[in-house]
Amino acid sequence: MEFSKKIKGLEESITLAITAKAKLLKEQGINVISFSAGEPDFDTPKKVKEAAINAINAGCGKYTPVSGTTDVLKAICTKLKRDNNLNYEPSEVIANVGAKHSLFNAIQALVDDGDEVIIPAPYWVTYPEQVKYSGGVPVFVEPKNDFKITADELKAAITPKTKLFILNNPSNPSGALYSKDELMALAKVLEGTNIVVLADEMYEKLVYDGKFVAFASLSDDAFNRTVTINGLSKCAAMPGYRFGYSASKNKELNKMMKNLQGQCTSNICSIVQAAAIPALIGEIDSDIEMMKSEFKARRDKAFEMLNNINGLKISSKPDGAFYLFVDCKDIENDDVKFCAKLLDEKQVACVPGSGFGMKGYFRISYATSMQNIENGINKIAEFVKGYK
Ligand code: PMP
Ligand code: GLU
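Numbering (this note's numbering), first residue to last: 1407 to 1794.
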């Protein structure tokens, strides 16, 4: 069989691959501590489960409109108004099979062969792959400070071919959160250009210090050029449900994305659409608060323990998401080797930084129990101490 050039150029998702490997080792009875999974360890909130069960019992098993039921689209608009003060109509939002799917639709709809897409590093593994798949060229920018791209760095990366700028705030894998002033400076650079912003705000509700500001809320200009991407996998602890969404003021873009979805997946699962509603309209806010305070305590613990290990460095305590991006260059520049040895010798799974575009780093997800954090980081300390 001869495969398409496009598919041959696509890399496996390293985050999913390592998470699956750690799960498999556990199933084989090996006591692996996994810091690889980018998913909450908490169970899905009760109101979400009940909404799913009620939807099944009410016979919701028919096709829905491609972009979602009126109820779920209205719920997305309610969320965007309530949390971000953004005014969208139901026709301007689309429910997708996770935010990964929302990103895919937007990138496929916008990026042609040779178009450039600016991606600050470290970046979430999926962005460059989706860009390449659409024929585009990822343009990576490694920020000088705190993993956050500055206005000057953005300006220097723009060329006549720049089509998109992907901004993930708070960031996976660094946890960095942009302040309003930092975002405003970036928005100013884009004024007068045709560059579209893909604002991936998946970790919006997992912010421990500082305040989250949605990119589309910065100005009318930002509102009109931004496609907001969000979902419920992280903040609502429902990654397996697969619910994400996009929001854009651009009618043609929404039509293109709906056409693509109508020819690929049709509507997303009708049960999931019903289950998403309580999570979107604020009925699980107390569950989110509980998870957030637990994540904060874990972040503090993990940050303190890792910083006490001679040879490892974390530039500053991240404000959001549930990851720490650790510099291991003083011990080993080959992060793939470092992570493979760590799994082999100490049964601790982490994701190598090169998957996120930065060699000499590894990512820890602290979406696991405090006990795992303590035991796992103690094992990392022993590993680093005896590293050969
Ligand atoms: N964006 C970021 C930054 C992520 O970390 C993830 C994690 N999977 C996603 C998007 C996609 O999430 P999902 O498809 O589960 O909604
Ligand atoms: N986003 C999560 C992570 O970075 C889940 C895995 C994935 O979808 O890549 O680990």
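Quick reminder that beta carbons are idealized off the backbone N, C-alpha and C, glycines included.
### Task
Check whether the segment 1608-1624 touches the segment 1700-1711, taking contact to mean three or more Cβ pairs, one atom from each stretch, closer than 8 Å.
yes
### Query
How is the alpha helix (DSSP H) around P1684 delimited, first residue to last?
Here residue 1684 refers to the residue found at position 278 when the sequence shown is read from its first residue. Per DSSP, P1684 belongs to the alpha helix (DSSP H) from S1676 to L1686.
### Query
In this structure, does DSSP put S1721 in helix, strand or coil?
Taking the first residue of the sequence shown as 1, we reach residue 1721 at position 315. S1721 falls in the coil class under three-state DSSP.
### Query
Would DSSP call T1599 helix, strand or coil?
Numbered from 1 along the sequence shown, position 193 holds the residue referred to as residue 1599. Coil at T1599, not helix or strand.
### Query
Run through DSSP, which three-state label would T1671 get?
Translated into the one-based positions of the sequence shown, residue 1671 becomes position 265. Reduced to three states, the DSSP call for T1671 is coil.
### Task
Could you check which residue in N1665, Y1533, Q1679 and E1498 has the C-alpha nearest to that of V1543?
Taking the first residue of the sequence shown as 1, we reach residue 1543 at position 137. Checked all of N1665, Y1533, Q1679 and E1498; the closest Cα to V1543 is Y1533.
### Task
Return yes when at least one heavy atom of the ligand PMP lies under 7 Å from the C-beta of N1739, else no.
Position 333 of the sequence shown holds residue 1739. Checking every heavy atom of the ligand PMP against the Cβ of N1739, none is found closer than 7 Å.
#### Entry: Residue environment, S1473, which counts as buried when at least 16 other CB atoms sit within 10 Å
One-based indexing of the sequence shown puts residue 1473 at position 67. Classified as buried, S1473 has 16 or more neighbouring CB atoms from the shown chains inside 10 Å of its CB.
### Task
Count the other C-beta atoms from every protein chain shown that fall within 10 angstroms of the C-beta of E1607, then say buried if there are 16 or more, exposed otherwise.
One-based indexing of the sequence shown puts residue 1607 at position 201. E1607 should be labelled buried.
### Query
Hey, out of P1684, S1508, M1764 and N1600, whose CA is closest to P1526's CA?
In the sequence shown, the residue the question calls residue 1526 occupies position 120. Taking only the C-alpha atoms, the option nearest P1526 is M1764.
### Message
Within a Cβ cutoff of 6 Å, which residues of the same chain sit near S1676, ignoring the five residues on either side of it in sequence?
### Response
Here residue 1676 refers to the residue found at position 270 when the sequence shown is read from its first residue. Cβ neighbours of S1676 beyond the five flanking positions: C1466 and T1470.
### Message
As a quick exercise: from V1633, G1541 and D1627, pick the residue whose alpha carbon is nearest that of K1413.
### Response
As a first step, residue 1413 must be located in the sequence shown, where it is residue number 7. With the sequence shown as reference, residue 1413 is identified as Ile, and Lys is not the correct amino acid for it. Of V1633, G1541 and D1627, the residue nearest in Cα terms is G1541.
### Message
Using a Cβ-based criterion (distance less than 7 Å to any ligand heavy atom), does K1427 qualify as near the ligand GLU?
### Response
The residue labelled residue 1427 in the question sits at position 21 within the sequence shown. No, since every heavy atom of the ligand GLU falls outside the 7 Å radius drawn around the Cβ of K1427.
### Message
Using C-beta distances below 7 Å, list every residue in its chain close to M1662, excluding the 5 sequence neighbours before and after it, in chain order.
### Response
As a position in the sequence shown, residue 1662 is number 256, starting the count at 1. Once the five neighbours on either side are set aside, the close Cβ partners of M1662 are A1515.
### Query
Would you call the CB atoms of A1557 and K1594 closer than 8 Å?
Taking the sequence shown and counting its residues from 1, one reaches residue 1557 at position 151. Taking the sequence shown and counting its residues from 1, one reaches residue 1594 at position 188. Less than 8 Å separates the beta-carbon of A1557 from that of K1594.
### Query
Alpha carbon to alpha carbon, how far is G1782 from I1439?
As a position in the sequence shown, residue 1782 is number 376, starting the count at 1. As a position in the sequence shown, residue 1439 is number 33, starting the count at 1. Going by the C-alpha atoms only, they are around 6 Å apart.
### Query
Where DSSP assigns a beta bridge to D1449, which residues make up the other side?
As a working note, residue 1449 is residue 43 in the sequence shown. Answer is none; D1449 lacks a bridge partner.
### Query
Name the DSSP beta bridge partners of G1637, please?
Looking up residue 1637 in the sequence shown gives position 231. Paired residue(s): G1650.
#### Entry: C-alpha distance - A1481 paired with A1680, whole-angstrom precision
Against the sequence shown, residue 1481 aligns to sequence position 75. Against the sequence shown, residue 1680 aligns to sequence position 274. Between A1481 and A1680, the C-alpha separation is close to 10 Å.
### Query
T1634 and A1642: beta carbons closer than 8 Å?
As a position in the sequence shown, residue 1634 is number 228, starting the count at 1. As a position in the sequence shown, residue 1642 is number 236, starting the count at 1. Their beta carbons are not under 8 Å apart, which means T1634 does not touch A1642 by this criterion.
#### Entry: Helix, strand or coil at Y1767 [DSSP, three-state]
Locating residue 1767 in the sequence shown gives position 361, counting from the first residue. Y1767: strand per DSSP, three-state reduction.
#### Entry: Pair within 8 Å by beta-carbon distance, F1768 and P1528
As a first step, residue 1768 must be located in the sequence shown, where it is residue number 362. As a first step, residue 1528 must be located in the sequence shown, where it is residue number 122. For F1768 and P1528, no; Cβs fall outside 8 Å.
### Query
Exposed or buried, which one is E1522 when buried takes at least 16 other CB atoms within 10 Å?
Stepping through the sequence shown from its first residue, residue 1522 is reached at position 116. Buried, by the Cβ-count rule.
### Task
Could you please give the first and the last residue of the uninterrupted beta strand (DSSP E) stretch that includes A1733?
By 1-based counting over the sequence shown, the position of residue 1733 is 327. Rather than Ala, the amino acid found at residue 1733 in this sequence is Asp. First-last of the beta strand (DSSP E) with D1733: Y1729 to D1733.
### Query
Is any heavy atom in the ligand GLU found nearer than 7 Å to the beta carbon of A1557?
Numbered from 1 along the sequence shown, position 151 holds the residue referred to as residue 1557. Result no, Cβ not under 7 Å from the ligand GLU.
### Query
Just to confirm, does N1491 get its C-beta within under 7 Å of one of the non-hydrogen atoms of the ligand GLU?
Position 85 of the sequence shown, counted from the start, is the residue given in the question as residue 1491. Every heavy atom of the ligand GLU is 7 Å or more from the Cβ of N1491, so no.
### Query
Got a sec, what are the start and stop residues for the alpha helix (DSSP H) E1522 sits in?
By one-based count along the sequence shown, residue 1522 stands at place 116. First-last for E1522: E1522 to P1526, but that is the beta strand (DSSP E), not the alpha helix (DSSP H).
### Query
If you drop the 5 nearest sequence neighbours on each side, which residues of the same chain put their C-beta closer than 6 Å to that of I1572?
Stepping through the sequence shown from its first residue, residue 1572 is reached at position 166. Once the five neighbours on either side are set aside, the close Cβ partners of I1572 are I1525, Y1533 and L1604.
### Task
Give the DSSP-derived three-state secondary structure of I1500 in the structure shown.
Counting from one through the sequence shown, the residue named residue 1500 turns up at place 94. Strand, per DSSP.
### Query
Which residues in the same chain have their Cβ closer than 7 Å to the Cβ of S1348, if we skip the five residues on either side of it in sequence?
Missing from the structure shown is residue 1348; the chain here goes from 1407 to 1794 and no further.
### Query
Does the Cβ-Cβ distance between F1649 and A1682 come in under 8 Å?
For the purposes of this step, residue 1649 is taken as the residue at position 243 of the sequence shown. For the purposes of this step, residue 1682 is taken as the residue at position 276 of the sequence shown. Result yes, Cβ atoms of F1649 and A1682 sit closer than 8 Å.
### Query
Using a threshold of 7 Å, is the CB atom of M1608 nearer than that to any non-hydrogen atom of the ligand PMP?
As a working mapping, residue 1608 is identified with position 202 in the sequence shown. Checking every heavy atom of the ligand PMP against the Cβ of M1608, one is found closer than 7 Å.
### Task
Determine, using beta carbons only, whether G1581 and Y1729 come nearer to each other than 8 Å.
Against the sequence shown, residue 1581 aligns to sequence position 175. Against the sequence shown, residue 1729 aligns to sequence position 323. Taking 8 Å as the Cβ cut-off, G1581 and Y1729 qualify as a contacting pair.
### Message
I1420 and V1754 - do their beta-carbons sit closer together than 8 Å?
### Response
The residue given as residue 1754 occupies position 348 in the sequence shown. The residue given as residue 1420 occupies position 14 in the sequence shown. No.
### Task
Report yes if the C-beta of K1506 is less than 7 Å from at least one heavy atom of the ligand PMP; otherwise report no.
One-based indexing of the sequence shown puts residue 1506 at position 100. Yes - the ligand PMP has a heavy atom lying nearer than 7 Å to the Cβ of K1506.
### Message
I'd like to know if the segment 1771-1778 and the segment 1740-1750 are in contact, where contact means that at least 3 CB-CB pairs between them fall below 8 Å.
### Response
The segment 1771-1778 is not in contact with the segment 1740-1750.
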